[in-house]
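A.B. asks:
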């Protein structure tokens, strides 16, 4: 693609179970994505706990950039990186990684939040950060840190910023991910210095903040030599929390929408101009996270397709049917009115024995235990749809932001049964797609930074609507057998 016709860009999208490098071609009337490289993201359990294999991920990132360079019809202009939130690497004074970053599902944070809340009033935390309670938020992870690791640490780099640092040599923290740490002031848009002090942390750990669209800098010579990209290529900050990029990729036509960014986790909420920091919002466990262009992602985490993925992996180990399309077809034949459970129970956070924990949750809720694979899959999807609907209703009530449609983006948009059940549970139309909303949001923020597109979020969303098909599911009338 020539400079006059737009930009060719690389989007690195790291998920909790897999990553990919996508090649984006963007112009005012063009938005195309091609997968250059996909790779697994497999955590490693060491004697001290569960860790991310960040060196393996970085190797795949470099391989992906090389593959994108080979596949493109022009010079790659920029790369942007997004990933899940809260996890980080600690760097010493020389910029060397102190040790492997921990996985947010590691058990080291069990009970730590209560200890932090003895020092910092949870109401004060919420009034400053606007974050929902999650036991693995960065502030709690840091409270669980080894004093030895902290003693050697000079810098904290959230994972997208760590990889950007390795590409460019430039340290900094992108704001949408900073907003998930529990150490960021939701009103001021800065690090919450008083909370950092109360948490017993050094303010020097937390780097200069970047906005989505800021150009970080050129790639290091050794990176260019290894990947073959041009000396003109740069790294550009995007909505580095993957949900921030995914919400950019929601093809909404106006403000009256809710979204479900559905993958390993499901993030369910609305887009606002400012945070909601009321006591009612705190009690409902809603979060206020930074979005692109100063927006607020007012949402609640729902456990997501992790429940289904872990169940399928369990069945595969047992030699049972593990083909997901087959399981979904079987679940579609199960009628409505079956058991539901609370997917946000912390018991579902660790890996392993998912179907046993689902059975226990149904018993505790006074519900029948789902028997067999089909009923278990249907129970998971009914429970997720029920949680999505409850969360959308709560978001509307707490924020006063009315919605007419629910946009479901990400991998879950391919799950027809989940989309149908969500429309029924919400009583609202569900627009499913695009599946690649996160990568689309990533490349669009880069493209705007480099002049390939202009305008605000609505201009970018209009380009998505014009170039990417979606599927609409209307809610069906409830019957006496429905919940």
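In the UniProt record's numbering, the protein residues as written are 1 to 483. Ideal Cβ positions, reconstructed from N, Cα and C, are used throughout, including at glycine. Please read these numbers as outputs of a predicted model, since none were measured by experiment.
Can you tell me whether residue 19 is buried or exposed, with buried defined as 16 or more other CB within 10 angstroms of its CB?
C.D. replies: As a working mapping, residue 19 is identified with position 19 in the chain shown. So residue 19 ends up on the buried side.
A.B. asks: Quick one: what does DSSP say residue 16 is sitting in, helix, strand or coil?
C.D. replies: Counted from its first residue, the chain shown places residue 16 at position 16. It is coil, neither helix nor strand.
A.B. asks: Determine the direct distance from the alpha carbon of residue 242 to that of residue 13, and round the result to whole angstroms.
C.D. replies: For the purposes of this step, residue 13 is taken as the residue at position 13 of the chain shown. For the purposes of this step, residue 242 is taken as the residue at position 242 of the chain shown. For residue 13 and residue 242, the distance between alpha carbons rounds to 7 Å.
A.B. asks: Taking residue 500 as part of the alpha helix (DSSP H), name the residues at either end of that continuous run.
C.D. replies: Lying outside 1 to 483, the shown extent of the chain, residue 500 is not represented and no answer is given.
A.B. asks: One question on the structure: do residue 137 and residue 86 come within less than 9 Å of each other, judged by their Cβ atoms?
C.D. replies: In the chain shown, counting from the first residue as 1, residue 137 sits at position 137. In the chain shown, counting from the first residue as 1, residue 86 sits at position 86. Contact flag set, yes.
A.B. asks: Should residue 399 be labelled buried (16 or more other beta-carbon atoms within 10 Å of its own) or exposed?
C.D. replies: Working through the chain shown from its first residue, we reach residue 399 at position 399. Under this definition residue 399 is a buried residue.
A.B. asks: So if DSSP puts residue 385 in a beta bridge, which residue, or which two residues, is it bridged to?
C.D. replies: Translated into the one-based positions of the chain shown, residue 385 becomes position 385. Residue 385 pairs with nothing; no bridge assigned.
A.B. asks: Going by DSSP, which residues form a beta bridge with residue 206?
C.D. replies: In the chain shown, the residue the question calls residue 206 occupies position 206. Answer by DSSP bridge pairing, in chain order: 156.
A.B. asks: With respect to the beta strand (DSSP E) encompassing residue 287, which residues constitute its N-terminal and C-terminal limits?
C.D. replies: Taking the chain shown and counting its residues from 1, one reaches residue 287 at position 287. Taken as a continuous stretch (DSSP letters only), the beta strand (DSSP E) holding residue 287 covers 287-290.
A.B. asks: For the alpha helix (DSSP H) that residue 139 lies in, which residues bound it at each end?
C.D. replies: For the purposes of this step, residue 139 is taken as residue 139 along the chain shown, with counting starting at 1. Element bounds for residue 139: 138-143.
A.B. asks: Whether or not the segment 184-201 and the segment 117-132 are in contact is what I'm after, with contact meaning three or more pairs of Cβ atoms, one per stretch, closer than 8 Å; do they touch?
C.D. replies: yes
A.B. asks: Only counting runs of 4 or more residues, tell me where the alpha helix (DSSP H) segments fall wholly within the segment 315-377, in order along the chain.
C.D. replies: 324-332 and 354-364
A.B. asks: Which stretch, first to last residue, makes up the beta strand (DSSP E) that contains residue 90?
C.D. replies: For the purposes of this step, residue 90 is taken as residue 90 along the chain shown, with counting starting at 1. Run containing residue 90: 88-91, per the beta strand (DSSP E) assignment.
A.B. asks: Mark residue 280 as exposed unless 16 or more other C-beta atoms lie within 10 angstroms of its C-beta, in which case mark it buried.
C.D. replies: Counting from one through the chain shown, the residue named residue 280 turns up at place 280. The residue is exposed, with fewer than 16 neighbouring Cβ atoms inside 10 Å.
A.B. asks: Determine the DSSP secondary structure at residue 194, reduced to helix, strand or coil.
C.D. replies: To locate residue 194, count along the chain shown from 1; it is residue 194. Residue 194 falls in the helix class under three-state DSSP.
A.B. asks: Is it buried or exposed for residue 311, if we count other Cβ within 10 angstroms and need 16 for buried?
C.D. replies: Here the question's residue 311 lines up with position 311 in the chain shown. The residue is buried, with at least 16 neighbouring Cβ atoms inside 10 Å.
A.B. asks: Quick check on residue 146: does DSSP put it in helix, strand or coil?
C.D. replies: For the purposes of this step, residue 146 is taken as the residue at position 146 of the chain shown. In this structure, residue 146 counts as coil in the three-state DSSP scheme.
A.B. asks: With H, G and I counted as helix, E and B as strand and the rest as coil, what does DSSP make of residue 416?
C.D. replies: Residue 416 sits at position 416 when you count from the first residue of the chain shown. Residue state, collapsed to three classes: helix.
A.B. asks: Grab me the residues of residue 306's own chain with a C-beta within less than 6 Å of its C-beta, minus the 5 sequence neighbours each way, in chain order.
C.D. replies: In the chain shown, residue 306 corresponds to position 306, counting from 1. Result list for residue 306: 264, in chain order.
A.B. asks: Enumerate in chain order the residues of its own chain whose CB-to-CB distance from residue 344 is below 7 Å, with the five nearest sequence positions on each side excluded.
C.D. replies: Within the chain shown, the letter at position 344 stands for residue 344. If the five residues before and after residue 344 are omitted, its C-beta is found closer than 7 Å to the C-beta atoms of 302, 303 and 387, all from its own chain and listed in chain order.
A.B. asks: Quick check on this structure: which residue in 474, 52 and 16 has the alpha carbon closest to the alpha carbon of residue 424?
C.D. replies: Within the chain shown, numbered from 1, the residue matching residue 424 stands at position 424. Residue 474 is the option with its Cα nearest to residue 424.
A.B. asks: Tell me which residues share the same chain as residue 170 and place their Cβ nearer than 6 Å to its Cβ, disregarding the 5 neighbours each side in the sequence.
C.D. replies: Here residue 170 is taken as the residue at index 170 of the chain shown, counted from 1. For residue 170, same chain residues with a beta-carbon under 6 Å away, outside a window of 5 residues either side, are 216 and 217 in chain order.
A.B. asks: Which residue's Cα is closest to the Cα of residue 333: 375, 318, 220 and 341?
C.D. replies: For the purposes of this step, residue 333 is taken as the residue at position 333 of the chain shown. With distances taken between Cα atoms, residue 333 lies closest to 375.
A.B. asks: Per DSSP, what are the beta-bridge partners of residue 235 in this structure?
C.D. replies: Taking the chain shown and counting its residues from 1, the one referred to as residue 235 is at position 235. DSSP lists 79 and 217 as partners of residue 235.
A.B. asks: Below 8 Å, is the gap between the Cβ of residue 262 and the nearest heavy atom of the ligand GTP?
C.D. replies: Looking for the ligand GTP in the displayed structure turns up nothing, as the structure carries no ligands at all.
A.B. asks: Quick check: the segment 390-398 against the segment 446-456, are at least 3 beta-carbon pairs closer than 8 Å?
C.D. replies: The segment 446-456 makes no contact with the segment 390-398: fewer than 3 CB pairs, one atom from each, lie closer than 8 Å.
A.B. asks: Locate the beta strand (DSSP E) running through residue 281, then write down its first and last residues.
C.D. replies: One-based indexing of the chain shown puts residue 281 at position 281. Counting along the chain, residue 281 falls outside any beta strand (DSSP E), though it belongs to the alpha helix (DSSP H) covering 279-283.
A.B. asks: So, residue 428 versus residue 403, is the Cβ gap smaller than 9 Å?
C.D. replies: Residue 428 sits at position 428 when you count from the first residue of the chain shown. Residue 403 sits at position 403 when you count from the first residue of the chain shown. The answer is yes: Cβ separation under 9 Å.
A.B. asks: Determine the extent of the beta strand (DSSP E) in which residue 58 is found, giving its start and end residues.
C.D. replies: Mapped onto the chain shown, residue 58 falls at position 58. Per DSSP, residue 58 belongs to no beta strand (DSSP E); it is in the alpha helix (DSSP H), 54-71.
A.B. asks: Taking residue 408 and residue 377 to be in contact with their CB atoms under 8 Å, please state how far apart those CB atoms are, rounded to whole angstroms.
C.D. replies: Mapped onto the chain shown, residue 408 falls at position 408. Mapped onto the chain shown, residue 377 falls at position 377. Contact flag wrong, Cβ pair sits at about 18 Å.
A.B. asks: Pick from 261, 9, 373 and 122: whose alpha carbon is nearest that of residue 392?
C.D. replies: Within the chain shown, residue 392 is the residue found at index 392, counting from 1. It is 261 whose Cα lies nearest to the Cα of residue 392.
A.B. asks: Using DSSP bridges, identify the partner residues of residue 185.
C.D. replies: Locating residue 185 in the chain shown gives position 185, where the first residue counts as 1. Paired residues: 190.
A.B. asks: Just to confirm, is the Cβ distance from residue 289 to residue 299 under 9 Å?
C.D. replies: For the purposes of this step, residue 289 is taken as residue 289 along the chain shown, with counting starting at 1. For the purposes of this step, residue 299 is taken as residue 299 along the chain shown, with counting starting at 1. Closer than 9 Å, so yes.
A.B. asks: Sorted by chain position, which residues of the same chain lie with C-beta nearer than 6 Å to residue 40's C-beta, five sequence neighbours on each side aside?
C.D. replies: Reading the chain shown from its first residue, position 40 is the one you call residue 40. The residues are 18.
A.B. asks: Using alpha carbons as the reference points, say which of 55, 275, 142 and 211 lies closest to residue 202.
C.D. replies: Translated into positions along the chain shown, residue 202 becomes position 202. Nearest option by C-alpha distance: 142.
A.B. asks: By DSSP, does residue 49 sit in helix, in strand, or in coil?
C.D. replies: Along the chain shown, read from residue 1 onward, the residue named residue 49 stands at position 49. Looking at residue 49 - three-state DSSP - the assignment turns out to be strand.
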